[in-house]
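Below is one structure, written out as structure tokens; comments come after it.
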Amino acid sequence: MQSLWMLVSAFMFTLMGLFIKLAANEYNTGEIVLYRSLIGVIVLLIISRARGQTIRTRHLGSHVKRSAAGVVSLGLWFYSLTQLPLSTAMTLNYMSPIWISLIVMATAAMRGSLRTDFRLVAAIFAGFVGVALLLQPTIDSQAWGGGVAGVVSGVFSAIAYMQVKELGSAGEPDWRIVFYFSLGGVLLGLGWVAVEGLHPLTWRGTGLMLGVGIAALVAQTALTRAFSLGNTLVTANLQYSGVIFATLISMLVWNDWPALAGWIGMLLIVLSGMTALRRPSATT
183 MQSLWMLVSA
193 FMFTLMGLFI
203 KLAANEYNTG
213 EIVLYRSLIG
223 VIVLLIISRA
233 RGQTIRTRHL
243 GSHVKRSAAG
253 VVSLGLWFYS
263 LTQLPLSTAM
273 TLNYMSPIWI
283 SLIVMATAAM
293 RGSLRTDFRL
303 VAAIFAGFVG
313 VALLLQPTID
323 SQAWGGGVAG
333 VVSGVFSAIA
343 YMQVKELGSA
353 GEPDWRIVFY
363 FSLGGVLLGL
373 GWVAVEGLHP
383 LTWRGTGLML
393 GVGIAALVAQ
403 TALTRAFSLG
413 NTLVTANLQY
423 SGVIFATLIS
433 MLVWNDWPAL
443 AGWIGMLLIV
453 LSGMTALRRP
463 SATT
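Below is the structure:
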């Protein structure tokens, strides 16, 4: 049952994406990262103090690695959300199982223990064909930077997920994992706005940033709980419900209907990711 938290996470991440796209006309990506992360840090500090919990940890190194990968993925993903249709950006971020498979295969190859799994290779290839189909009809030449950012964000997301599982196995509570990730996001956001500047908050902007921060906090906590306590295979498959949520919201809010090639691309990415998760080398 713990894996069902991923459904909550996927829906709340989609809501966060909606708020980000609405805020993108007024604020740069660094500001959105900063406010999203700062809200998480403040709320978690208040809750931890009220419960008598401490942010001290014996796994600081693992938190640093998880946070570094996570905030890079976050920054790239937020940028892609401002440049691409919501359904496209969300789908690209869900390529993490494919990247996890590639990382596992590369690690096995370096250790000299790689066994070629042709179904897994076919799934990975199909996933990248899906990316090409998804991006080609949905974005113009000026938005390809957002497409590249979305693809690379999936790489760092895969690394972050692997670190989440490691921290969960070490006994770290989910709220503390999210706290250090949010703290890393604050540092990234501060560096970003130091370069690009900070815009004044309007009432509308404040509402949108609160929406981003609260939705992200709930989504991240639910995701961390699902991956650290639930079945990894079931959890990772349930994340693809986010593609459905994002596509529905894109159609309802922006009347953004994917072209046929886009539908096929999303289907290929989802199926290849689910296939990768079911191969033994992907779940080791």
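If you read the sequence shown in this note's numbering, its first letter stands for residue 183, the second for the next number, and so on. The beta carbon of each residue, even a glycine, is placed where N, CA and C say it ideally should be.
If you drop the 5 nearest sequence neighbours on each side, which residues of the same chain put their C-beta closer than 8 Å to that of residue i?
i: Ala325; result: Gln265, Leu266
i: Met344; result: Ile282, Ile285
For residue i, I'd like the list of residues in its chain whose CB is within less than 6 Å of its CB, leaving aside the five on either flank, ordered along the chain.
i: Val253; result: Gly366, Gly367, Leu370
i: Gly447; result: Gly312, Leu315, Leu316
i: Gly332; result: Ser262, Ala271, Leu274
i: Ala397; result: Met194, Leu197, Met198
i: Asn413; result: Ser185
Mind checking whether residue i and residue j have CB atoms under 9 Å apart?
i: Phe361; j: Leu242; result: no
i: Gly327; j: Tyr209; result: no
i: Gly257; j: Trp374; result: yes
i: Ser230; j: Arg358; result: yes
i: Leu349; j: Arg233; result: no
i: Leu411; j: Asp356; result: yes
For residue i, which of helix, strand or coil comes out of DSSP?
i: His245; result: helix
i: Glu354; result: coil
i: Glu213; result: helix
i: Gln235; result: coil
i: Trp259; result: helix
i: Trp187; result: helix
i: Met456; result: helix
i: Tyr422; result: coil
i: Leu266; result: coil
Tell me, to the nearest whole angstrom, how far the beta carbon of residue i is from that of residue j; I am working on the premise that it is less than 8 Å.
i: Phe201; j: Gly393; result: 4 Å
i: Met198; j: Gly455; result: About 21 Å separates the two Cβ atoms, so there is no contact after all.
i: Glu354; j: Thr239; result: 7 Å
i: Ser269; j: Ser432; result: 4 Å
i: Ala305; j: Thr417; result: That belief does not hold up - the Cβ atoms of Ala305 and Thr417 are roughly 19 Å apart, past 8 Å.
Can you give me the Cβ contacts of residue i inside the same chain, cut-off strictly under 7 Å, excluding the 5 residues immediately before and after it?
i: Ser191; result: Ala401, Ala404, Leu405, Ala408
i: Ser255; result: Ser335, Phe338, Ser339, Ala342
i: Leu189; result: Leu420, Ser423
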